[in-house]
Amino acid sequence: MMPASKSHPTANLSPETVVVAAGRPPREPDAPVNPPIVLSSTFHGAGIPAPGERVYGRFSNPTWDPFETALSELEGAALPALVFSSGLAAVAAALSLVPTGGILVMPRHSYQGSLLLAAEEAANGRFAVRTVDIADTDQVLRALQGAEAGPDGGAEPASMLWIESPTNPMLEVAEIDVLARAAHDAGALVVADNTFSTPLVTRPLELGADVVLHSVTKYLAGHSDVVLGALATSDEELHARLHSYRSLHGAVAGPFEVWLALRGLRTLALRIERSQATAGLLAERLLGHPAVEAVRYPGLPGDAGYERAAKQMNGFGSILCIEVAGGAAAAEAVAGSVRLWLPATSLGGVESLIERRRRQPGEPHSVPENLLRLSVGIEHAEDLWSDLSQALAR
Ligand SMILES: *Cc1c(COP(=O)(O)O)cnc(C)c1O
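Each number in the numbering used here comes from the position in the sequence shown (counting from 1) with 215 added on.
Here it is as structure tokens:
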């Protein structure tokens, strides 16, 4: 029987195996091989609750445990991950770690929702935000130390560094280890949104981040059928604060969604292997296409992030962006004439999605109007290519 301890039973296995093996029920006669969905809002108990006792469904649910264990093992966290009702609920929890009156340094091409929430906190006077080009290490270092005047006037060192790598949708690659060291020197916490990479491609905790964040909605669940988020950390104090935030602010996940996410996670390695290979192939072919002005993909040797990505990532991810010749209208026309690719927002599912990001009113204006973000799924590469070619030929 597998010990029901908090140690990592899959610690010496490769991540491709961990996604399959982690979070299984104990090996007992007649036990299910998959964890059950537990639909109960409350749990037996009397007297003063012992530490770790479930008590009530806003504090814990047995269906969360296997997913939280699996994600924690994948990210190399010493404590179980914390699942949330959405990626943005996890973002809100992580931002709660910025002290009141503190300073958040954030990539100017972060996920739109993260930028909007940080801007709202700043507008309410909770903390100040300095946005940076996260690929420009010197600029980030200056912003961390306060040498660069932000809207807050500069001078004060930062309290939190937010990292996304590659960024959404510009696919800039951050030098995570160098930035994390500098942030800690400045006294700042480091949160890394690892949604685009997944732990199979980048492991931010190993590179020095304090907290890693996921929109589980994307690759981890992988089938565009749930909205969920998660955080993972090895720091006891941060874990306790984030756990308490989740219980008190109430953005908890439904058991069925978490069960679906664990089911999706089982095939993560295969999905990533296929979608990364196809993304690389499409990026190379699109590079020479007359209807394409630019291709952004860190796996292209000519890309600004190539060398950093080759060192830091295991592969180059499954998202690529193209800038279509002829401006916004031409880009919209491409997104409107694909037949296999789905014109829709989001990413990380088995089906390939295409979106002109600037159609979203809140998208930063430094994102080109003619930029299409391509989330490559697991369809046959040649089918994806021929559909894209016919749409670009119009
Ligand atoms: C989608 C996304 C989020 C937000 O997650 P939701 O599950 O939509 O709430 C945060 N960060 C990144 C990078 C994302 O792609």
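In this text, a Cβ means the ideal position worked out from N, Cα and C, and glycines have one as well.
Distances from the CB of L303 to the heavy atoms of ligand 1 include at least one below 7 Å. Counted as a single uninterrupted DSSP element, the stretch harbouring F471 is not any beta strand (DSSP E) but the alpha helix (DSSP H) occupying residues 470-480. The continuous alpha helix (DSSP H) containing G495 extends over residues 483-502. For W600, there is no enclosing beta strand (DSSP E); the residue is part of the alpha helix (DSSP H) that begins and ends at 596-607.
Remark: the C-beta of E379 is in contact range of ligand 1, defined as less than 7 Å to any heavy atom. For ligand 1, a non-hydrogen atom lies closer than 7 Å to the CB of S329.
The straight-line gap separating the alpha-carbon atoms of W556 and L428 is approximately 28 Å. The closest CA to that of G302, considering only R500, A397, L435, is found on L435.
Between the region 487-495 and the region 530-538 there are three or more inter-stretch CB-CB distances shorter than 8 Å, so the stretches are counted as touching. Contact check for E335 against F342 fails: the beta carbons are separated by 8 Å or more. With a cut-off of 7 Å, the C-beta of V442 is classified as near ligand 1, since at least one heavy atom of the ligand falls inside that distance.
Annotation for L483 indicates a beta carbon at 7 Å or more from all heavy atoms of ligand 1. For L420, the closest alpha carbon among the candidates L289, K526, D351, S325 is that of L289.
Here DSSP, grouped into helix, strand and coil, assigns A307 to helix. With fewer than 16 other Cβ atoms from the protein chains shown falling within 10 Å of its own Cβ, P314 counts as exposed. Linking L415 to P230 through their CA atoms gives a straight-line distance of about 6 Å. L586 counts as buried, since at least 16 other C-beta atoms from the protein chains shown sit within 10 angstroms of its C-beta.
Closest by C-alpha distance to G316, out of R511, S300, A338, D598, is A338.
If you check the C-beta of L297 against ligand 1, you find no heavy atom less than 7 Å away.
Per DSSP, V233 is one residue of the alpha helix (DSSP H) stretching across 230-236. Per DSSP, reduced to three states, the secondary structure at Y326 is coil, with no helix or strand assignment. Looking from the CA of E597, the closest CA among A544, L496, P579, H454 belongs to L496. Residue P322 holds the alpha-carbon nearest to the alpha-carbon of T346 among P322, V591, S601, P372.
DSSP places L428 inside the beta strand (DSSP E), whose first and last residues are 426-430.
In the structure shown, D348 falls within a coil segment according to DSSP collapsed to helix, strand and coil. For ligand 1, a non-hydrogen atom lies closer than 7 Å to the CB of Y326.
Within 7 Å of the C-beta of F411 there is at least one heavy atom belonging to ligand 1.
Close CB contacts of A292 within its chain, under the 7 Å cut and outside five residues either way in sequence, are with L420, A447, T448, S449 (chain order). In terms of Cα proximity to P372, the closest of A403, L386, N383 is A403. Leaving aside the five residues that flank A395 on each side, the residues in its chain whose CB is nearer than 7 Å to its CB run, in chain order, V405, L422, G423, A424. Straight through space, the alpha carbons of R239 and R273 are spaced by roughly 23 Å. I349 is not a Cβ neighbour of A397, given a cutoff of 8 Å. Approximately 17 Å separates the beta-carbon atoms of E499 and V539; this is outside 8 Å, ruling out the contact.
By the neighbour-count criterion, in which 16 or more other beta carbons inside 10 Å mark a residue as buried, F471 falls on the exposed side. For D245, the distance from the CB to the nearest heavy atom of ligand 1 is not below 7 Å.
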